[in-house]
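What follows is a single structure, written as structure tokens, with notes after it.
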Amino acid sequence: MRSERPPLTMLTFAPMIDSECTRRVLGAHGASYEERDRLFGWVSLLTLLHGGYGRVPLVYGKNAAMSGPAPTARFLDAIAAPERRLLPREQPPRQQVEAEFAIYNGELASDVAAFAYYHLLPQREAMIERFGAAVTPLGRKILPSVYGILRWLFSALLRLRPQRIDDVALRIETLLDWSDVRLSDNRPYLVGNRPTLADLGFMSAMAPIVVPPTYERNVPAVADLPPPYREMVMRTRNRPSGRFALDLYAKLGNEPAHRGSSPVQRAKRRSPSRKA
Numbered sequence: 001m002r003s004e005r006p007p008l009t010m011l012t013f014a015p016m017i018d019s020e021c022t023r024r025v026l027g028a029h030g031a032s033y034e035e036r037d038r039l040f041g042w043v044s045l046l047t048l049l050h051g052g053y054g055r056v057p058l059v060y061g062k063n064a065a066m067s068g069p070a071p072t073a074r075f076l077d078a079i080a081a082p083e084r085r086l087l088p089r090e091q092p093p094r095q096q097v098e099a100e101f102a103i104y105n106g107e108l109a110s111d112v113a114a115f116a117y118y119h120l121l122p123q124r125e126a127m128i129e130r131f132g133a134a135v136t137p138l139g140r141k142i143l144p145s146v147y148g149i150l151r152w153l154f155s156a157l158l159r160l161r162p163q164r165i166d167d168v169a170l171r172i173e174t175l176l177d178w179s180d181v182r183l184s185d186n187r188p189y190l191v192g193n194r195p196t197l198a199d200l201g202f203m204s205a206m207a208p209i210v211v212p213p214t215y216e217r218n219v220p221a222v223a224d225l226p227p228p229y230r231e232m233v234m235r236t237r238n239r240p241s242g243r244f245a246l247d248l249y250a251k252l253g254n255e256p257a258h259r260g261s262s263p264v265q266r267a268k269r270r271s272p273s274r275k276a
């Protein structure tokens, strides 16, 4: 008999690609959970209070703490019906899924994050709005004062220098060229005939450069993006790998259950007296 899912909380910084991927993992499993969004940097310290080690997102519950999308998928797979599992039990499909996930959630996600933040961080007001959208009222209040520190932190961690970003953009295009060839057979999913962790890693890594409707809260409107970023989005949307990512979002990208900081905060956000 299948075990009942424990209640879960996701502690994270909302715009991160790994946050997006973990949401998709939770959504694919139909998991009801509470998302607690905190400012970047501070949220890593908070994970230490809940069984984590600094990496975000942290998904935790009774006797469970999973840092990142893959550990979360393995945890939920262990208590899921077979049709919900994101990692096949049999080989070679499982090895293929893990290899695809390493490419897209690893190499591609890292380069896409660097490309996006390099172009977005100079847009101070727009990014204060995006970074503050899901955090606590206190987080929103202090964000303008600490934005410079956050920008420096992202720039240092992602090594956001012009020459590196030129290399990053070339690697993205090269990997997408390779992906376009692989997807030319019109497959419905990356591995097999049902969604796996590989698909969730792919679609979340692609989200910043195709900007599906459910991701629009994390970046400015496409028309307002800096020209190099906007051009990347338009090119990517018009290539096979971009269309594949958008199709995955159309099929799998519904909002997971109970997204939000808490029931009380969600009720406040819906209140007409609260500023949007």
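Heads up, the sequence shown is in my numbering, so the first residue is 1 and it goes up one at a time. Where is the CB? At the ideal position from N, CA and C, for every residue including glycine. Every value quoted in this text rests on a predicted model; they were computed, and no experiment measured them.
| query | result |
| --- | --- |
| Status (buried if at least 16 other CB within 10 Å, exposed otherwise) for Asp-199 | buried |
| Residues bridged to Met-10 (per DSSP) | Glu-35 and Val-59 |
| As assigned by DSSP and simplified to three states, the class of Ala-70 | helix |
| Ala-78 - DSSP class collapsed to helix/strand/coil | coil |
| Those residues which DSSP pairs with Ala-278 across a bridge | Here the chain comprises residues numbered 1 to 276, so residue 278 is not present and cannot be evaluated. |
| Chain C contact for Ile-172 (CB, 9 Å cutoff) | The structure shown contains no chain C; it is built from a single protein chain. |
| Reduced DSSP category for Val-222 - H, G, I as helix; E, B as strand; rest coil | helix |
| Cβ pair count under 8 Å reaching 3, the stretch 39 to 48 against the stretch 96 to 105 | no |
| Cβ distance (whole Å) where Thr-9 is taken to contact Tyr-60 below 8 Å | 6 Å |
| Reduced DSSP secondary structure (H/G/I, E/B, other) of Val-25 | helix |
| Cα-Cα separation between Ala-134 and Ser-145, rounded to whole angstroms | 17 Å |
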